[in-house]
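One structure below.
Protein chains: 2
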Amino acid sequence: MPVIVQKYGGSSLATPELIRSVASRICSAHDSGNSVIATVSAMGDSTDDLLSIASQVSGMPDLRELDVLLSTGELQSCALVAMALKDMGKNAVSLSGAQAGIRTDSSYGKAKIADIDTSRILGELGSGNIVIVAGFQGVTNDSDITTLGRGASDLTAVALAAGLNADRCEIYTDVDGIYTADPRLVSKAQKITTIGFEEMLELASYGAKMNPRSIELGMVYQVPILVASSFNDKPGTLIHDGENMDTKVGEIRNRVRGIATDRDVAKITVFSVVDRPGIAAALFDPLAESDISVDVIVQNASVSGTTDLTFTVKQSDVDRAMKVVEEVANELGTTNVGKTENLAKISIVGTGMQDSPGYASNMFRSLAQADINIEMITTSEIRITCIIGSDHVAKAAEVLHGAFELEKSE
Amino acid sequence: MPVIVQKYGGSSLATPELIRSVASRICSAHDSGNSVIATVSAMGDSTDDLLSIASQVSGMPDLRELDVLLSTGELQSCALVAMALKDMGKNAVSLSGAQAGIRTDSSYGKAKIADIDTSRILGELGSGNIVIVAGFQGVTNDSDITTLGRGASDLTAVALAAGLNADRCEIYTDVDGIYTADPRLVSKAQKITTIGFEEMLELASYGAKMNPRSIELGMVYQVPILVASSFNDKPGTLIHDGENMDTKVGEIRNRVRGIATDRDVAKITVFSVVDRPGIAAALFDPLAESDISVDVIVQNASVSGTTDLTFTVKQSDVDRAMKVVEEVANELGTTNVGKTENLAKISIVGTGMQDSPGYASNMFRSLAQADINIEMITTSEIRITCIIGSDHVAKAAEVLHGAFELEKSE
Numbered sequence: 002m003p004v005i006v007q008k009y010g011g012s013s014l015a016t017p018e019l020i021r022s023v024a025s026r027i028c029s030a031h032d033s034g035n036s037v038i039a040t041v042s043a044m045g046d047s048t049d050d051l052l053s054i055a056s057q058v059s060g061m062p063d064l065r066e067l068d069v070l071l072s073t074g075e076l077q078s079c080a081l082v083a084m085a086l087k088d089m090g091k092n093a094v095s096l097s098g099a100q101a102g103i104r105t106d107s108s109y110g111k112a113k114i115a116d117i118d119t120s121r122i123l124g125e126l127g128s129g130n131i132v133i134v135a136g137f138q139g140v141t142n143d144s145d146i147t148t149l150g151r152g153a154s155d156l157t158a159v160a161l162a163a164g165l166n167a168d169r170c171e172i173y174t175d176v177d178g179i180y181t182a183d184p185r186l187v188s189k190a191q192k193i194t195t196i197g198f199e200e201m202l203e204l205a206s207y208g209a210k211m212n213p214r215s216i217e218l219g220m221v222y223q224v225p226i227l228v229a230s231s232f233n234d235k236p237g238t239l240i241h242d243g244e245n246m247d248t249k250v251g252e253i254r255n256r257v258r259g260i261a262t263d264r265d266v267a268k269i270t271v272f273s274v275v276d277r278p279g280i281a282a283a284l285f286d287p288l289a290e291s292d293i294s295v296d297v298i299v300q301n302a303s304v305s306g307t308t309d310l311t312f313t314v315k316q317s318d319v320d321r322a323m324k325v326v327e328e329v330a331n332e333l334g335t336t337n338v339g340k341t342e343n344l345a346k347i348s349i350v351g352t353g354m355q356d357s358p359g360y361a362s363n364m365f366r367s368l369a370q371a372d373i374n375i376e377m378i379t380t381s382e383i384r385i386t387c388i389i390g391s392d393h394v395a396k397a398a399e400v401l402h403g404a405f406e407l408e409k410s411e
Numbered sequence: 002m003p004v005i006v007q008k009y010g011g012s013s014l015a016t017p018e019l020i021r022s023v024a025s026r027i028c029s030a031h032d033s034g035n036s037v038i039a040t041v042s043a044m045g046d047s048t049d050d051l052l053s054i055a056s057q058v059s060g061m062p063d064l065r066e067l068d069v070l071l072s073t074g075e076l077q078s079c080a081l082v083a084m085a086l087k088d089m090g091k092n093a094v095s096l097s098g099a100q101a102g103i104r105t106d107s108s109y110g111k112a113k114i115a116d117i118d119t120s121r122i123l124g125e126l127g128s129g130n131i132v133i134v135a136g137f138q139g140v141t142n143d144s145d146i147t148t149l150g151r152g153a154s155d156l157t158a159v160a161l162a163a164g165l166n167a168d169r170c171e172i173y174t175d176v177d178g179i180y181t182a183d184p185r186l187v188s189k190a191q192k193i194t195t196i197g198f199e200e201m202l203e204l205a206s207y208g209a210k211m212n213p214r215s216i217e218l219g220m221v222y223q224v225p226i227l228v229a230s231s232f233n234d235k236p237g238t239l240i241h242d243g244e245n246m247d248t249k250v251g252e253i254r255n256r257v258r259g260i261a262t263d264r265d266v267a268k269i270t271v272f273s274v275v276d277r278p279g280i281a282a283a284l285f286d287p288l289a290e291s292d293i294s295v296d297v298i299v300q301n302a303s304v305s306g307t308t309d310l311t312f313t314v315k316q317s318d319v320d321r322a323m324k325v326v327e328e329v330a331n332e333l334g335t336t337n338v339g340k341t342e343n344l345a346k347i348s349i350v351g352t353g354m355q356d357s358p359g360y361a362s363n364m365f366r367s368l369a370q371a372d373i374n375i376e377m378i379t380t381s382e383i384r385i386t387c388i389i390g391s392d393h394v395a396k397a398a399e400v401l402h403g404a405f406e407l408e409k410s411e
């Protein structure tokens, strides 16, 4: 019997009616002759509600206890989905992360999955049960509850699919699939039918809505992932690296697959840094210790022994980051630190770019013609990213979508 | 170091401010040189909220899944209390029922505690931690979550106190302690300073607000239980059977200790039942199978081969009970079944009554003088209970409180 792991996001489970609707979908998958494991997120905004209570109880909530607290949201929705399934006459059982055998390290709030003991799940499937697993959580070797980070119910699903050697992982959410650009910004954005893991990874890391760790995991374990809506029956987007994939076909391979945007960007520049070994470590180690993620880093060529070092952080981290940088500025031989807020990242992504010239110049020229200034540029083999003013991001996405003919993409 | 187990009810934890206030109380107990374990209920009405969601998802929620769902409320509050304690500079750790080693049978919704493996709690206490335990829940040998029944966080506390051989169990709630009568009914009701387990058991079973199973457990394991308010520092009521207790002193022993009232009563009478062996089983077995608790049972003396059989159930169960009784009426040789709704129980309780005449007649005379009709009477060694119209219960409580001089009780 084929084994399918499904995942339903919080917006798909926000009300009792939606929970019953999700249960019906799970029923259908089971009625089609599959063994079904479904991972669920917490209902609607309930995780935010719990975070709000925690912040009222403690100025800086203890991470172990925060994980205990946050894990309850997924426990509630998995019990409710199992209840709804039984109400529909199905055999079903809910399992917490611990019961499902999801063992993690003890990095509370961002635990990494160490391994999955699938014996309980296999036993329940063997007894004819549909298995509903609380997403986003695991358990340490000391039986303490951990969470895997925001949005990590995707990760639970893909990890279970990998551990169970499932035929497919299906991620159900409130959007129809992966689009060539954010449809709120680009009216002609097209749904992508199939996409490779690498391309999806770049899209997900650079703004498209999916947990990047889950895509990495899917890539490593070669688990095909379907992203689709739980609110309709449209076909969604299949992420895989199969033999006969469209992405292997020259015509599609040789193209930009999508545009990723991210408006939560600020830039910090440290001017006139003394150019000697170790300055990058002196700057970025304390930022890492303060748990501030640094994204794009650009260091200009050294002029007369000093250099300018620019990097981006999340808009919400910029004040904390400035404080850290100003504290270490002396070590860098400078006191000249500046920030620019309200920036955005816009990226074009596609495996077709790596061997083909012309994509970068087309991108820069299109932005220039639209009178959009580029603040920074960074590239990977299959991605070109520009930092621009966040006011320009909608226009930039529209222009690039046209320039790379993405409205014809499928 | 003395070991104290505390329990805080849902109304004591209803808001983030109250959670911090409870944490302060736990701090004080710890600062006084005690090892402290605190059991907590779910915040405010959150259990009712979860039940309401469950009923919207399933007409008859599966009991295993309902237990998973309901157990999350206590998990949340125990994480929040531990967070607040750490915020106050204390070492603290929250434990679920499973982590605390509370092993139960698998009677979902009303599980019985089989044993408590105290090793994890003792380890945490040994590491200098205050231990916060989620009340109301346990775990089966198959690692499935169970709950112990409504109001059973008291039971968790007393069971932990027994298992840890604690010096005292303290139950904190929204009332100051146990009163000679419900203060909402009797303005002169007095707080009781100390009371024996047996008397408390009769009071708790017959309307005073405390989980009867937890009192039984305290009695069997001789755990002194303090009932007090978390909203003030008044001394509360101590339930124990100590050597030098007031209840052993003749003056107090020889008295009614309190009046218990319960308005949730209805009466069913089966008339003209054929009087032969097995009729009671034929009637009460199907009621038990339908999970309807029968309370007071009275069978009148047989007249000409038939008898009238009367029993009480909860008002909320009366329609279901009537249906069951009408179905088995043929077997009982009758079709004549009647019900009376809107009744109440009123009981006087005291170990002093068992060897002393006059209490019953005083009770019946006092009610008669107040023109209150008695529908049924039932007694134990230390309790006399009358069934009366629920409209009369406040007046009856007032009258009996005066008749037995309870306003002078302490």
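Chains as they are written, first to last, in the numbering used here: chain A, 2 to 411; chain B, 2 to 411.
Built from N, CA and C at the ideal position, the CB exists for glycine as well.
Quick caveat, the model's predicted, so the values are computed rather than measured.
Interface residues of chain A facing residue i [CB-CB closer than 9 Å]
i                     : result
residue 21 of chain B : 57, 58, 59
Beta carbon of residue i nearer than 8 Å to that of residue j
i                      : j                      : result
residue 460 of chain B : residue 79 of chain B  : Missing from the structure shown is residue 460 of chain B; chain B here goes from 2 to 411 and no further.
residue 178 of chain B : residue 189 of chain B : no
residue 227 of chain A : residue 239 of chain A : yes
residue 63 of chain B  : residue 44 of chain A  : no
residue 314 of chain B : residue 295 of chain B : yes
residue 215 of chain B : residue 156 of chain B : yes
residue 407 of chain B : residue 367 of chain B : no
residue 7 of chain B   : residue 222 of chain B : no
residue 269 of chain B : residue 346 of chain B : no
residue 175 of chain B : residue 25 of chain B  : no
residue 260 of chain A : residue 182 of chain A : yes
residue 377 of chain A : residue 311 of chain A : yes
residue 73 of chain B  : residue 105 of chain B : no
Beta-carbon neighbours of residue i, restricted to chain A and to distances below 7 Å
i                      : result
residue 54 of chain B  : 17, 81
residue 100 of chain B : 144
Per DSSP, the bridge partner or partners of residue i
i                      : result
residue 308 of chain A : A/274
residue 263 of chain A : A/346
residue 419 of chain A : Beyond the ends of chain A as shown, which are 2 and 411, falls residue 419 of chain A; an answer cannot be given.
residue 191 of chain A : Looking at the DSSP assignment, residue 191 of chain A forms no beta bridge with any residue, so it has no partner.
residue 338 of chain A : A/271
residue 380 of chain B : B/385
residue 7 of chain A   : A/39, A/171
residue 314 of chain B : B/267
residue 390 of chain A : A/344
residue 77 of chain A  : According to DSSP, which records beta bridges pairwise, residue 77 of chain A is partnered with nothing at all.
residue 299 of chain B : B/311
residue 196 of chain B : B/240
Chain-ordered neighbours of residue i on chain B, where CB pairs are closer than 8 Å
i                      : result
residue 125 of chain A : Here the premise fails: no neighbours, minimum Cβ distance about 11 Å.
residue 87 of chain A  : 59, 63, 66
residue 84 of chain A  : 55, 58, 59, 62, 63, 66, 67, 70
Chain B residues whose Cβ lies nearer than 9 Å to that of residue i
i                     : result
residue 73 of chain A : 72, 73, 74, 76, 77, 80
Assumed close pair residue i, residue j - CB separation to whole angstroms, cut-off 8 Å
i                      : j                      : result
residue 75 of chain A  : residue 136 of chain A : 5 Å
residue 344 of chain B : residue 390 of chain B : 6 Å
residue 323 of chain B : residue 338 of chain B : 7 Å
residue 297 of chain B : residue 203 of chain B : The Cβ separation is near 14 Å, so there is no contact.
residue 149 of chain A : residue 112 of chain A : 5 Å
residue 98 of chain A  : residue 139 of chain A : 5 Å
residue 131 of chain A : residue 93 of chain A  : 4 Å
Proximal residues of chain B, C-beta to C-beta of residue i below 7 Å
i                     : result
residue 69 of chain A : 76, 80, 95
Residue i Cβ short of 7 Å to the ligand GDP heavy atom set
i                      : result
residue 305 of chain A : Because no ligand of any kind appears in the structure shown, any question about the ligand GDP cannot be addressed here.
In chain order, which beta strand (DSSP E) runs of at least 3 residues are fully inside the segment 104–182 of chain B?
Secondary structure within the segment 104–182 of chain B: the beta strand (DSSP E) runs of 3 or more consecutive residues, fully enclosed, are 114–117, 131–135, 138–140, 146–148, 169–174 (chain order).
Quick one: which unbroken beta strand (DSSP E) runs of 3-plus residues sit fully inside the segment 31–71 of chain B? Chain order, please.
Positions of the beta strand (DSSP E) runs, each at least 3 residues long and wholly inside the segment 31–71 of chain B, are given as 36–41 in order along the chain.
Quick check on the DSSP output: what are the complete beta strand (DSSP E) runs of length 3 or more inside the segment 81–107 of chain B, in order along the chain?
For the segment 81–107 of chain B, the continuous beta strand (DSSP E) assignments of 3+ residues that do not extend past its boundaries occur at 93–96, 103–105, in sequence order.
My parser needs the beta strand (DSSP E) runs of 3 or more residues fully inside the segment 208–238 of chain B; what are they?
The segment 208–238 of chain B contains these whole beta strand (DSSP E) runs: 226–230.
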